[in-house]
Amino acid sequence: MASSNNPRKFSEKIALHNQKQAEETAAFEEVMKDLSITRAARVRVSETGTCVAAKRAHSTAAV
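In short: position in the sequence shown from 1, add 137, done, that's the numbering used here.
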């Protein structure tokens, strides 16, 4: 009887492992997406020579 329980428990462990791995992969992909967005914004700043946030602060201060 114990041997019939082991496969079920083993399959449950595999399912939990797969779920955890999927969550970790999703978290990693989110971080990489944020990094890509940050890098793209930084490239735009270096190309234009100004920061969008600085432009906004300057334009609202002038009003």
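C-beta: ideal position from N, C-alpha, C; glycine also.
Distance, residue j Cα to residue i Cα
i: SER183; j: ALA177; result: 10 Å
i: HIS154; j: MET169; result: 22 Å
i: GLU166; j: GLU160; result: 10 Å
i: MET138; j: ILE174; result: The predicted model places MET138 with a pLDDT of 47, which falls under 50 and marks its position as unreliable; any figure quoted below should be read in that light. Roughly 55 Å separates the two Cα atoms.
i: ALA163; j: THR185; result: 33 Å
i: ALA152; j: VAL180; result: 42 Å
i: ASP171; j: GLN158; result: 20 Å
i: SER148; j: GLN156; result: 12 Å
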